[in-house]
Structure formats: structure tokens, C-alpha cells
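Under this note's numbering, the first residue of the sequence shown is numbered 1056, with each subsequent residue one higher. Here is the structure we will look at.
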Amino acid sequence: MRKYFLFLTIFLTSLLSLCQDSTGTNAKRNTVYIDILGPGGYYSLSFDRLFRVNKKNKNSISIGFEIAGITKPYFSTYIPTSYNILFGKKNRHLELGIGLTFGLERMYHQSFYSAPQLPVGHLLEEVDHSINFDLWALPRIGYRYQKENGGFFFRISLTPIIVLLEYEGPVKYKNESQFNIPSTITYLRPIGKSPVFFWGGISLGRTF
């Protein structure tokens, strides 16, 4: 778990350092947008920053977050990140990119069992949870509409999901060690269980 968070911290710090670049034109560089589907899963709120802007191409870094299932039995948060290169003049661009999405899930589990002191037909319920991690790679190809002087932002793109890592934490029930499930870790799924999923999304936002 510590290695996972250390890698995430180093990666995000590197992204932020790239965003400090200030060369190029006076184009508006910051964008806040909502992804429908896309790298965050089903939705995400993200920030994009242009850097190394010139007449031939532009570069950008983006980072966002998604939170789902705040109440039991499921909670998850995903952090999509990406590096993108934009080709094209004025407002319309071909966008190519590569990204990583980090996922943290909390899964709740239920167990029912009888006890001698209970009336017939009554069960005790024990509930505990496991902590799971996911790491996805997401190449991107798409169309981006973004004005140099700011305003409406639109993007549509293909972002296939490549599963790099799946970690399932142990499930522990109170005073019921026989229900323990050992943690498992998978770097690439076996052939026949494809680690690649067809995916895409639409982005809507504002550049300023």
C-alpha cells in the first residue's frame, strides 16, 4: 500500500512541475471540465493546463477525480491523469495522449451466522470491508475544440482502458477468521481475460 501511494505522489509531483512551463504565446491555458465516461470511469471533474504552446502544436497536462458510492456497500475514488499533444491551428485540434488512472475502492462484505443463544431462525450479521487498488493506462486519440482566447471547451475521444494492476485486499470478519480471504495482486490478466477494454468519453468545460 505504501509503495502505491509513494508512486502516486511522485507521479503527481512530476505532472505539476511540467505545468510550471510558461513559454509560448499568450493563449489562455487553464481549463476546468467534466468528463462523461472517459478516463475517470463513468464521470470525473478535471483540470487541464496548456504548456509549450507554439504555432505547430501544444502540450497539456490534466488531472481530475471521481467519487462514487459514498454510502455502503461500496465506495470508490479515481484520479485520472494524462499528458496530451495537440495538433492543429486556431480552435480545432487533433489530440493524442497517454494517461494513468489510479483507483481506490472500499468494498463492504456481509456474513450471517447463527449462535446458540439466539432463537431459532435468527442470525447475527458481521460486516467488514476490504481495500482494493487499480491502476489503468489510457492512450487517447480524439478531437478537441479550444479557443486561444478562452471560453467553451469540448472534446470527444477514444480512451481504451489497459489494466496494469489490480490489488484486492483481504476481507476480515469480526471474530470469524475462517472467512478471511488472502490478498491477491495481478499485474496483467492471463490471456483469455483481456486486460484491454474499449472505452471513450466526452468532455465539456470552460477555458480561462
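Yeah, the Cβ is synthetic: ideal placement off N, Cα and C, and Gly gets one too. A quick note: this is a predicted structure, and the numbers were derived from the prediction, not measured.
| Asked | Found |
| --- | --- |
| Could you tell me the boundaries of the beta strand (DSSP E) in which V1218 lies? | I1216 to E1223 |
| Could you spell out where the beta strand (DSSP E) holding N1139 opens and where it closes? | Y1129 to F1142 |
| Using the beta-carbon count (16 or more within 10 Å), is L1141 buried or exposed? | buried |
| What residues in its chain sit with their C-beta under 7 Å from that of F1207, if we drop five residues either side in the sequence? | R1261 |
| For the pair the stretch 1108-1123 and the stretch 1209-1227, tell me if three or more CB-CB distances fall below 8 Å. | no |
| Quick check: what's the CA-CA separation for L1259 versus Y1222? | 32 Å |
| What residues are listed by DSSP as bridge partners for K1088? | At residue 1088 the sequence reads Tyr, which differs from the Lys that was named. According to DSSP, Y1088 bridges with S1101 and G1260. |
| Between F1263 and W1191, what straight-line distance do the alpha-carbon atoms span, to the nearest angstrom? | 30 Å |
| Verify whether the separation of the beta carbon atoms of S1117 and T1136 is less than 8 Å. | yes |
| So what's E1231 in DSSP terms, helix, strand or just coil? | In this prediction, E1231 scores a pLDDT of 49, lower than 50, which makes its location untrustworthy; the coordinate-derived value is nonetheless stated afterwards. Strand, per DSSP. |
| When burial is assigned at 16 or more other CB atoms within 10 Å of the CB, is R1084 buried or exposed? | buried |
| So, for G1205: in the same chain, excluding its five sequence neighbours on each side, which residues have a beta-carbon less than 7 Å away from its beta-carbon? | K1083, T1262 and F1263 |
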